[in-house]
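Structure first, commentary second.
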Amino acid sequence: MFNYTQSAFLASGTYASSIVSMLFRNIIFARLLSPYDFSIALTFGVVLSLFEYMTSFGHEMFMQRSEHGNSEQFQATMQSVMVFRGLAIAAIIVLLAPSIAGFLKVPSGVFNYALLAAVPLINGFTHLDPQRLHRQNNFIVTAKIGVTADIASIVIALVCALIWSSYWAFYISFVFRHSISTILSHFWASRPYRLALNKAYLFELWHFGLPLIAVGALKYFGTEIDKALIASYSGLAQFTLYFLTMMVTANTANIIAVGLSKIFIRRISTATKHQLSHKAYGNGIITLYLALPLLLTITIFGELIIGLIFGSQYPPIPYLIPVVVTLVAIRQLSHWLNQIVVGGDETKLILYADIVRILILAIGLFVVVNSSQDVRLFTLAFILCELVYVVYPSQLLSKSITEISKTCLILLTITLTSTGVFYILYWLTYDSDTLFSKTAYYLASMFTLLGFFNAFSPLCRDQSLKLLGDVEKLLMSAFRSTK
Numbered sequence: 071m072f073n074y075t076q077s078a079f080l081a082s083g084t085y086a087s088s089i090v091s092m093l094f095r096n097i098i099f100a101r102l103l104s105p106y107d108f109s110i111a112l113t114f115g116v117v118l119s120l121f122e123y124m125t126s127f128g129h130e131m132f133m134q135r136s137e138h139g140n141s142e143q144f145q146a147t148m149q150s151v152m153v154f155r156g157l158a159i160a161a162i163i164v165l166l167a168p169s170i171a172g173f174l175k176v177p178s179g180v181f182n183y184a185l186l187a188a189v190p191l192i193n194g195f196t197h198l199d200p201q202r203l204h205r206q207n208n209f210i211v212t213a214k215i216g217v218t219a220d221i222a223s224i225v226i227a228l229v230c231a232l233i234w235s236s237y238w239a240f241y242i243s244f245v246f247r248h249s250i251s252t253i254l255s256h257f258w259a260s261r262p263y264r265l266a267l268n269k270a271y272l273f274e275l276w277h278f279g280l281p282l283i284a285v286g287a288l289k290y291f292g293t294e295i296d297k298a299l300i301a302s303y304s305g306l307a308q309f310t311l312y313f314l315t316m317m318v319t320a321n322t323a324n325i326i327a328v329g330l331s332k333i334f335i336r337r338i339s340t341a342t343k344h345q346l347s348h349k350a351y352g353n354g355i356i357t358l359y360l361a362l363p364l365l366l367t368i369t370i371f372g373e374l375i376i377g378l379i380f381g382s383q384y385p386p387i388p389y390l391i392p393v394v395v396t397l398v399a400i401r402q403l404s405h406w407l408n409q410i411v412v413g414g415d416e417t418k419l420i421l422y423a424d425i426v427r428i429l430i431l432a433i434g435l436f437v438v439v440n441s442s443q444d445v446r447l448f449t450l451a452f453i454l455c456e457l458v459y460v461v462y463p464s465q466l467l468s469k470s471i472t473e474i475s476k477t478c479l480i481l482l483t484i485t486l487t488s489t490g491v492f493y494i495l496y497w498l499t500y501d502s503d504t505l506f507s508k509t510a511y512y513l514a515s516m517f518t519l520l521g522f523f524n525a526f527s528p529l530c531r532d533q534s535l536k537l538l539g540d541v542e543k544l545l546m547s548a549f550r551s552t553k
């Protein structure tokens, strides 16, 4: 049986490193910059994510799936596409910069968003050799690049914040983080950097990635537009509070979704037809087994964490945490379904599901925008469209994978039941003045949650035993080295 704990450690650890690095950088800037400057700085990521989503053709996933993914000519072709993509995004950002500032209600004289074009331009020259090694579940080079860049970016962020007490400190460190990653991808590559244009590989990428480009645009409006809308309708202050809440919650859970994504896609892509149902269930139950305990922790201690690390000038919005936790939990299932499609089916299924999701979201947002600007209601609208997104693609996949609808219903039931309990726990501990009572509720609920998964899932039980075995070996090795 596949041992997640060995192959997933570096993949999840690398993503966790980037999350921790981003958290530390945001702590530095939240503490050393004014709330207004910090709000301006946070819009940089919102803007760049739009173009990232709308031009994402899944080249990294395609390298994992394609039978030619290990060849030098294939890699060189993908690197050429990356260069063209970076140039195109940079040009679009420059052209749309005035409109971006207007939508976000940022005065044009405050910051020129055309300067953000430097980031995709730099990223376009990234060496893809570390990504190629993921085909063999080798994440060592990626981990070295990620951890080195993360540590360096924290140091640069601190230096910049001490020199410039404005959003320019954030911008400079932002550009540095992407620059150092690109440089290190070349430094630790085992192949020379080459550019090529192979028509056959371009055609394959076009067939694979074209639906994903449309999916990316729809996915931005289905999953990321909330931040831009809140900045535009509710103001930068509310946007900042929502952003911090979502950052702590979503990035914690996405350590699982992103860290295990390539491994799970590879499992699906290499499975035989009669194994698909079993592999899909295994990926899903392990995702929830790892993600829900993290979300439980955020539910009970999230507001304390936000206040502690970002300061009293960023007070959390009451009852936003459990709503965001519910949204993020359901999105874990969305990621799970996307991995199944990318690994073993036609990517246009994601496009169909995103179209349905965006239609539902449009209705929900129309009601919210015209009735209230409460960020919690914005979040509820996104929860509704995520539920639809989980149900609809499972029906599409049922034509090629047996029992996938049943599996999805089981996982969705576990998710909604868990988040419902989380909401009750938040309500019970909301007015608690003592950390002791919160901790007591937390330990009891965590023990129950982990006990449920281990009692009813042999796969979770097996992985727990393997993890304990790995920890025991690590401790024994450390003990012997000290003697």
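Heads up: the sequence shown begins at 71 in the working numbering, then just goes up one per residue. Backbone N, C-alpha and C define an ideal beta-carbon position, used for all residues, glycine too. Keep in mind it's a predicted model, so treat the numbers as computed, not measured.
Select from the options the residue whose C-alpha is nearest the C-alpha of residue i.
| i | options | result |
| --- | --- | --- |
| residue 110 | 159, 258 and 298 | 298 |
| residue 447 | 392, 215 and 517 | 392 |
| residue 89 | 181, 190, 270 and 325 | 325 |
| residue 327 | 404, 87 and 119 | 404 |
| residue 144 | 346, 198 and 93 | 198 |
| residue 320 | 519, 395, 465 and 369 | 395 |
| residue 93 | 376, 419, 478 and 495 | 376 |
| residue 419 | 437, 449, 281 and 537 | 281 |
| residue 450 | 511, 172, 105 and 430 | 430 |
| residue 134 | 87, 264, 278 and 194 | 278 |
| residue 108 | 436, 236 and 488 | 236 |
| residue 481 | 86, 247, 402 and 424 | 402 |
| residue 522 | 355, 455 and 317 | 355 |
| residue 344 | 124, 470 and 500 | 470 |
| residue 112 | 100, 122 and 220 | 100 |
| residue 373 | 364, 385, 366 and 362 | 385 |
| residue 126 | 215, 283, 206 and 228 | 283 |
| residue 244 | 212, 389, 338 and 188 | 188 |
| residue 436 | 287, 193, 157 and 303 | 303 |
| residue 191 | 468, 525, 439 and 122 | 122 |
Grouping DSSP H, G and I as helix and E and B as strand, with all else coil, what is residue i?
| i | result |
| --- | --- |
| residue 139 | coil |
| residue 197 | coil |
| residue 312 | helix |
| residue 162 | helix |
| residue 212 | helix |
| residue 181 | coil |
| residue 335 | helix |
| residue 268 | coil |
| residue 126 | coil |
| residue 330 | coil |
| residue 434 | helix |
| residue 274 | helix |
| residue 536 | helix |
State the Cα-Cα distance for the pair residue i and residue j, rounded to the nearest angstrom.
| i | j | result |
| --- | --- | --- |
| residue 75 | residue 358 | Low confidence applies to residue 75: its pLDDT is 49, below 50, so where it sits in the model is not reliable enough to give any reading. |
| residue 350 | residue 180 | 49 Å |
| residue 129 | residue 141 | 14 Å |
| residue 399 | residue 370 | 15 Å |
| residue 461 | residue 261 | 43 Å |
| residue 486 | residue 493 | 10 Å |
| residue 533 | residue 452 | 33 Å |
| residue 35 | residue 546 | With the chain covering only 71 through 553, there is no way to say anything about residue 35. |
| residue 73 | residue 177 | Low local confidence applies: a pLDDT of 45 at residue 73 is under 50, so the model's placement there is unreliable, with the coordinate-based value given in what follows. Between residue 73 and residue 177, the C-alpha separation is close to 53 Å. |
| residue 543 | residue 530 | 20 Å |
| residue 71 | residue 352 | A caution first: residue 71 carries a pLDDT of 41, below 50, which makes its placement in the model too unreliable to give a value. |
| residue 201 | residue 212 | 7 Å |
| residue 275 | residue 132 | 7 Å |
| residue 258 | residue 536 | 31 Å |
| residue 444 | residue 390 | 10 Å |
For the alpha helix (DSSP H) containing residue i, name the first residue and the last one.
| i | result |
| --- | --- |
| residue 367 | 346 to 380 |
| residue 237 | 237 to 257 |
| residue 476 | 474 to 499 |
| residue 454 | 445 to 467 |
| residue 291 | Note, residue 291: premise wrong, no alpha helix (DSSP H); not H, not E. |
| residue 187 | Where residue 187 is concerned, there is no enclosing alpha helix (DSSP H), given that its DSSP letter is neither H nor E. |
| residue 512 | 505 to 526 |
Leaving out five residues on either side along the sequence, give the residues of the same chain with a beta carbon under 6 Å from the beta carbon of residue i.
| i | result |
| --- | --- |
| residue 464 | 474, 475 and 478 |
| residue 239 | 230 and 231 |
| residue 387 | 311 |
| residue 217 | 87 |
| residue 379 | 97 |
Excluding sequence positions up to five away, which residues of its chain have a Cβ less than 7 Å from the Cβ of residue i?
| i | result |
| --- | --- |
| residue 31 | The question about residue 31 has no answer, for the chain in this structure spans 71 to 553. |
| residue 246 | 223 and 226 |
Could you check whether the Cβ of residue i sits closer than 8 Å to any Cβ belonging to chain B?
| i | result |
| --- | --- |
| residue 287 | Among the protein chains of the structure shown there is no chain B, as only one such chain exists. |
Beta-carbon within less than 8 Å of residue i's beta-carbon, same chain only, minus the 5 sequence neighbours each way: which residues are those?
| i | result |
| --- | --- |
| residue 184 | 163, 164 and 167 |
| residue 120 | 290, 294 and 298 |
Hey, is residue i close to the ligand ZN, as in C-beta under 7 Å from one of its heavy atoms?
| i | result |
| --- | --- |
| residue 109 | Questions concerning the ligand ZN fall outside what the structure shown contains, since it holds no ligand whatsoever. |
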